[in-house]
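Below is one structure, written out as structure tokens, with a few remarks after it.
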Amino acid sequence: MNHEHMNEIKYHANECKDKSNHNTAGSEKQQALALLTKASFLAFYKCRIIGFQDTLYAKRRYQLFRECEISGTVDFIFGDATAVFRSCYISARKPLAGQSNTVTAQGRDVSAGKGGFVIHNCIISATSELIASEYTARTYLGRPWRDFARTVVMQSYLDNNIDPQGWLEFDSRSSYLELYYTEYGNSGPGSATYDKAKWKGFRVINSAEAYQFTVREFIDGDMWIPATGVPYTPDFIDWSGSLRRRFSKCKVFALVLRILATLPI
1 MNHEHMNEIK YHANECKDKS NHNTAGSEKQ QALALLTKAS FLAFYKCRII GFQDTLYAKR
61 RYQLFRECEI SGTVDFIFGD ATAVFRSCYI SARKPLAGQS NTVTAQGRDV SAGKGGFVIH
121 NCIISATSEL IASEYTARTY LGRPWRDFAR TVVMQSYLDN NIDPQGWLEF DSRSSYLELY
181 YTEYGNSGPG SATYDKAKWK GFRVINSAEA YQFTVREFID GDMWIPATGV PYTPDFIDWS
241 GSLRRRFSKC KVFALVLRIL ATLPI
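Read in order, the letters of the sequence shown correspond to residues 1 to 265 in the UniProt record's numbering.
What follows is the structure, encoded as structure tokens:
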């Protein structure tokens, strides 16, 4: 991937809180990074990372994104970091004509590598502009940038902009035999799994297998996140009480966006 239009943003710390990173190049500029992350033990909290194609390059090492807003079009979260996106709002934008949206393009290129993306307790939805277009562009959870790509989507709300197939081919060279694409315990109109990709590397997993992708297990969160001061939940979410109310609010919010999209400017 080439990156001609890139914002270089340096944070001299292991945590980033309440920041907003925008790349304003526009969808016609194609690849345009808003943020590149490649250091060890990075925690982002309540940050906005907004772009179009290739918004966030999570390049390598352990990373946590907590309650962040991430938005883009093609492969807008990509790289080979060992990263957990926890309680984030992830929204697909309207891409160029003929394009599809892909939330992730994970790049693990060796079978022994621990790299991977975990999207946990997040909302994956659409911007008002994409809703107003009546979803002329479909949105996929990801496509494999490398043969051993690993992406897990679990206990998240998937809106109806998510294509029933769920996952998209990257190109004809990809084998899809060694990748690891899984889903667990998702909800929402885009969460049905019966029409999902029929690749050998995709499956729906159970709680025992999913547990290895929690913050505690996948990025050794208990070892380093407390020192950053960023709040975190190490294990699965509790679906009772406040979290049920949170997901109810998500549905109301999505409905409001659809209503607003139909109103004249």
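Every residue gets a Cβ at the ideal spot worked out from N, C-alpha and C, and that includes glycine.
Mind checking whether residue i and residue j have CB atoms under 7 Å apart?
i: G72; j: F52; result: yes
i: C88; j: F65; result: yes
i: G107; j: R146; result: yes
i: R60; j: A81; result: yes
i: R150; j: S100; result: no
i: I124; j: I90; result: yes
i: G201; j: Y176; result: yes
i: V153; j: I119; result: yes
i: F218; j: V84; result: yes
i: W224; j: F76; result: no
i: W167; j: Y140; result: yes
i: A43; j: T214; result: no
i: P231; j: R216; result: no
What is the rounded straight-line gap between the Cα of residue i and the Cα of residue j?
i: Y45; j: P226; result: 13 Å
i: T136; j: N160; result: 13 Å
i: D163; j: C122; result: 17 Å
i: L179; j: V110; result: 10 Å
i: L36; j: K198; result: 32 Å
i: I70; j: A34; result: 10 Å
i: E183; j: A39; result: 28 Å
i: D222; j: Y57; result: 24 Å
i: R196; j: P144; result: Here residue 196 turns out to be Lys, not Arg, going by the sequence shown. Cα to Cα, the separation comes out at about 15 Å.
i: Y181; j: F148; result: 10 Å
i: G115; j: C68; result: 20 Å
i: I265; j: Y157; result: Confidence is the limiting factor: at I265 the pLDDT is only 46, short of 50, which leaves the residue's position unreliable and the question unanswerable from this model.
i: D220; j: R86; result: 14 Å
i: I237; j: Q63; result: 19 Å
i: G92; j: D171; result: In the sequence as presented, Gly is not what sits at residue 92; that position holds Ala. A92 and D171: Cα-Cα distance of roughly 21 Å.
i: E209; j: R203; result: 11 Å
i: T127; j: Y194; result: 26 Å
i: Q165; j: A132; result: 22 Å
If we count the other Cβ atoms within 10 Å of its Cβ and call it buried at 16 or more, is residue i buried or exposed?
i: P95; result: buried
i: M134; result: The identity of residue 134 in the sequence shown is Glu, whereas the question assumes Met. Under this definition E134 is an exposed residue.
i: S207; result: exposed
i: E129; result: exposed
i: G98; result: exposed
i: P189; result: exposed
i: A112; result: exposed
i: S191; result: buried
i: D54; result: buried
i: D18; result: Confidence at D18 is low in this model, with a pLDDT of 49, below 50, so its placement is unreliable and no value can be given for it.
i: V74; result: buried
i: Q155; result: buried
i: A32; result: buried
Along the chain, where does the alpha helix (DSSP H) containing residue i start, and where does it finish?
i: V215; result: V215 to F218
i: E69; result: Per DSSP, E69 belongs to no alpha helix (DSSP H); it is in the beta strand (DSSP E), E69 to G72.
i: T228; result: G221 to T228
i: A43; result: Note, A43: premise wrong, no alpha helix (DSSP H); beta strand (DSSP E) at L42 to Y45.
i: A39; result: Neither: A39 is in no alpha helix (DSSP H) and is coded neither H nor E.
i: A210; result: S207 to A210
Any beta-carbon of chain C closer than 7 Å to the one on residue i?
i: G229; result: The structure shown has no chain C; it contains just one protein chain.
How is the beta strand (DSSP E) around residue i delimited, first residue to last?
i: A58; result: L56 to A58
i: A92; result: Y89 to A92
i: Q99; result: From DSSP, Q99 is part of no beta strand (DSSP E); its letter is neither H nor E.
**Request:** Only counting runs of 4 or more residues, tell me where the alpha helix (DSSP H) segments fall wholly within the segment 162-204, in order along the chain.
**Result:** none
**Message:** My parser needs the alpha helix (DSSP H) runs of 4 or more residues fully inside the segment 127-159; what are they?
**Reply:** 128-132
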